[in-house]
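Numbering (our numbering), first residue to last: 4 to 381.
This is how it looks when you write it as structure tokens:
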């Protein structure tokens with residue numbers, strides 16, 4: 004039993020359930036080979052029908068109750084099925100991160116994120132450095148910056164949450180249309196960001212001139228209970244919940260990758276090519292997760308600190324903290340897309356493709372400039 008491992012052909016492909024006379028019956032579909040049938044029956048302690056305690060193995064996370072699967076030795080592949088396992092077993096995480104549809108859809112979302120964020124800061128270029136009042140242009144600039152910031156945070160949170168959900172139900176990855184998924188995430192994030200950015204115009208708060216007299220922003224000095232509630236909810240839904248979701252998703256993904264690496268290590272050995280490739284992917288994913296979490300904390304903690312000081316204390320907020328909050332908030336418009344592009348090696352692929360196009364163009368021009376001399380016969 005120690006040397007038997009999970010097989011997709013045993014624990015997933017052959018698992019069936021059907022409803023007969025109002026009763027849901029779980030069973031395993033046994034193979035046609037008689038010798039394998041006997042081996043399966045001996046291992047599963049069932050003839051294939053009425054396996055009421057049947058559930059998927061720990062590696063495939065399909066039961067949703069992982070603790071029930073860690074000490075069940077009879078959900079295992081016989082030694083004769085290891086070859087089938089090697090052919091059929093597909094790492095859901097690898098497929099999810101290397102899927103061309105997912106990469107293309109994510110690339111489009113990140114491009115829109117970058118363009119929207121940059122466009123949000125364009126009105127700020129036309130403002131004076133020393134303002135006396137909150138003009139209409141100043142308020143519009145604050146609105147577009149808030150809209151882009153809230154949308155960026157919502158998109159990062161939604162991507163992290165969707166990754167965790169897809170990994171927890173990994174056998175649904177083949178049924179997921181990633182393009183549609185990321186389009187929905189983008190649209191919902193835009194609606195979410197627009198809603199939060201519009202609420203100050205509806206009386207829940209206001210866009211006002213900061214104490215630095217250099218920009219307008221959401222009023223961090225609430226004068227009414229409504230403004231204070233809005234500020235507290237903004238801290239919760241704009242910083243605390245997103246950072247908890249992102250950290251949880253990264254830790255969960257890292258845990259899945261570690262368990263899958265241990266699986267490859269146990270099956271193929273440490274020096275196997277597949278194991279080494281997966282180890283490289285694991286290191287890169289861990290570094291990208293760490294960079295993602297740190298960048299989010301660095302970019303948005305100053306604004307969260309300003310909001311907490313304003314909502315829960317009567318301390319005077321120094322101007323340098325307001326400058327820092329605005330600077331790091333603007334940096335997030337560039338940091339987040341760069342991290343995702345680097346995570347999927349999109350920048351490297353982009354530069355390689357451009358270099359290849361330039362080399363082809365130069366080679367074609369050099370061929371066009373060649374002069375073909377006629378050969379004279381003696």
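Don't be surprised by glycine CBs; every beta carbon is placed ideally from N, CA and C.
Would you list, in sequence order, the uninterrupted alpha helix (DSSP H) runs of no fewer than 4 residues that lie entirely inside the segment 266-339? Taking 4 residues as the shortest admissible run, the segment 266-339 contains the following complete alpha helix (DSSP H) segments, listed from N- to C-terminal end: 276-315.
Determine the closest residue to residue 294 out of 250, 275, 269, 310, with distance taken between C-alpha atoms. In the chain shown, residue 294 corresponds to position 291, counting from 1. Among 250, 275, 269, 310, the Cα nearest to that of residue 294 is on 250.
Are the Cβ atoms of residue 138 and residue 224 separated by less than 8 Å? Position 135 of the chain shown, counted from the first residue, corresponds to residue 138. Position 221 of the chain shown, counted from the first residue, corresponds to residue 224. Cβ distance not < 8 Å, so residue 138 and residue 224 don't count as in contact.
So the beta strand (DSSP E) residue 212 belongs to, where does it begin and stop? By 1-based counting over the chain shown, the position of residue 212 is 209. Per DSSP, residue 212 is one residue of the beta strand (DSSP E) stretching across 210-212.
CB of residue 246 within 8 Å of CB of residue 299, strictly: Mapped onto the chain shown, residue 246 falls at position 243. Mapped onto the chain shown, residue 299 falls at position 296. It is a contact, given that the beta carbons lie within the stated cut-off.
Would you decide whether residue 253 is buried or exposed? Buried here means 16 or more other CB atoms lie within 10 Å of its CB. Stepping through the chain shown from its first residue, residue 253 is reached at position 250. With 16 or more Cβ atoms within 10 Å of its Cβ, residue 253 is classed as buried.
In the structure shown, what three-state DSSP assignment does residue 220 receive? Here the question's residue 220 lines up with position 217 in the chain shown. Strand.
Could you tell me if residue 333 is buried or exposed, where buried requires 16 or more neighbouring beta carbons within 10 angstroms of its beta carbon? In the chain shown, counting from the first residue as 1, residue 333 sits at position 330. So residue 333 counts as buried.
Would you call the segment 185-192 and the segment 210-228 touching, i.e. three or more CB-CB distances under 8 Å? no
Since residue 226 is in the alpha helix (DSSP H), which residue starts that stretch and which ends it? Mapped onto the chain shown, residue 226 falls at position 223. Where residue 226 is concerned, there is no enclosing alpha helix (DSSP H), given that its DSSP letter is neither H nor E.
Comparing C-alpha positions only, which one of 328, 207, 157 sits nearest to residue 189? By one-based count along the chain shown, residue 189 stands at place 186. Among 328, 207, 157, the Cα nearest to that of residue 189 is on 157.
For residue 228, which residues of its own chain have a beta-carbon under 6 Å away from its beta-carbon, when the five flanking residues on both sides are left out? Counted from its first residue, the chain shown places residue 228 at position 225. The beta carbon of residue 228 is closer than 6 Å to none in its chain, skipping five residues each way along the sequence.
When you compare only the Cα positions, how much space is there between residue 322 and residue 280? The residue you call residue 322 lines up with position 319 of the chain shown. The residue you call residue 280 lines up with position 277 of the chain shown. In a straight line, the C-alpha of residue 322 is about 49 Å away from that of residue 280.
So, is residue 230 buried or exposed, given that buried needs 16 or more other C-beta atoms within 10 angstroms? The count along the chain shown starts at 1 and reaches residue 230 at position 227. The residue is buried, with at least 16 neighbouring Cβ atoms inside 10 Å.
Are there 16 or more other CB atoms within 10 angstroms of the CB of residue 213, so buried, or fewer, so exposed? By 1-based counting over the chain shown, the position of residue 213 is 210. So residue 213 counts as buried.
Check whether residue 155 and residue 193 have beta carbons under 8 Å apart: Here residue 155 refers to the residue found at position 152 when the chain shown is read from its first residue. Here residue 193 refers to the residue found at position 190 when the chain shown is read from its first residue. No, the Cβ-Cβ distance between residue 155 and residue 193 is not below 8 Å.
Sub-8 Å separation of residue 309 and residue 325 beta-carbons: Working through the chain shown from its first residue, we reach residue 309 at position 306. Working through the chain shown from its first residue, we reach residue 325 at position 322. A contact, by the Cβ cut-off of 8 Å.
Spatial neighbours of residue 303 within its chain, please: C-beta separation below 6 Å, excluding the five flanking residues on both sides. Position 300 of the chain shown, counting from 1, holds the residue named residue 303. For residue 303, where only same-chain residues beyond five positions count, the Cβ hits under 6 Å are 242.
Taking Cβ positions, are residue 145 and residue 191 nearer each other than 8 Å? As a first step, residue 145 is located in the chain shown; it is residue number 142 there, counting from the start. As a first step, residue 191 is located in the chain shown; it is residue number 188 there, counting from the start. No, Cβ-Cβ distance for residue 145 and residue 191 is not below 8 Å.
Since residue 164 contacts residue 248 with CB under 8 Å, what's their CB separation in whole angstroms? Your numbering for residue 164 matches position 161 in the chain shown. Your numbering for residue 248 matches position 245 in the chain shown. About 6 Å; that satisfies the 8 Å criterion.
Taking 8 Å as the CB-CB cut-off, is residue 282 touching chain D? Absence of chain D from the displayed structure is noted, only one protein chain being present.
Once you ignore the five residues that flank residue 238 on each side, which residues in its own chain have a CB closer than 8 Å to its CB? Here residue 238 corresponds to residue number 235 of the chain shown, with the count starting at 1. Excluding positions up to five away in sequence, the list reads 307, 310, 311, 314.
Is the distance from the Cβ of residue 236 to the Cβ of residue 208 below 8 Å? Reading the chain shown from its first residue, position 233 is the one you call residue 236. Reading the chain shown from its first residue, position 205 is the one you call residue 208. No, the Cβ-Cβ distance between residue 236 and residue 208 is not below 8 Å.
Taking the alpha-carbon of residue 263 as reference, which of 360, 170, 140 has the nearest alpha-carbon? To locate residue 263, count along the chain shown from 1; it is residue 260. Taking residue 263 as reference, the option from 360, 170, 140 with the minimal CA-CA separation is 170.
Nearest CA to the CA of residue 200: which residue from 149, 206, 180, 301? Taking the first residue of the chain shown as position 1, residue 200 is located at position 197. Comparing Cα positions, the closest option is 149.
Proximity of residue 331 and residue 301 at Cβ, strictly below 8 Å: Sequence index remark: in the chain shown, residue 331 carries index 328 (1-based). Sequence index remark: in the chain shown, residue 301 carries index 298 (1-based). Yes.
Which of the three DSSP states is assigned to residue 361 in this structure? For the purposes of this step, residue 361 is taken as residue 358 along the chain shown, with counting starting at 1. Here residue 361 sits in helix by DSSP.
Kindly indicate which residue of 276, 166, 181, 210 has the alpha-carbon position closest to the one of residue 147. What you label residue 147 is simply residue 144 of the chain shown in a count that begins at 1. Check the Cα spacing between residue 147 and each of 276, 166, 181, 210: the tightest is with 210.
What is the residue span of the alpha helix (DSSP H) that residue 171 lies within? For the purposes of this step, residue 171 is taken as residue 168 along the chain shown, with counting starting at 1. Its alpha helix (DSSP H) spans residues 139-171.
What span of residues does the alpha helix (DSSP H) with residue 201 cover, start to end? Counted from its first residue, the chain shown places residue 201 at position 198. From DSSP, the alpha helix (DSSP H) with residue 201 extends over 181-201.
Give the straight-line distance between the Cα atoms of residue 283 and residue 359, rounded to the nearest whole angstrom. Counted from its first residue, the chain shown places residue 283 at position 280. Counted from its first residue, the chain shown places residue 359 at position 356. When only Cα atoms are considered, residue 283 and residue 359 end up about 26 Å apart.
Do you know whose CA, among 215, 292, 240, lies nearest residue 319's CA? Here residue 319 is taken as the residue at index 316 of the chain shown, counted from 1. Distances from the alpha-carbon of residue 319 to those of 215, 292, 240 put 215 closest.
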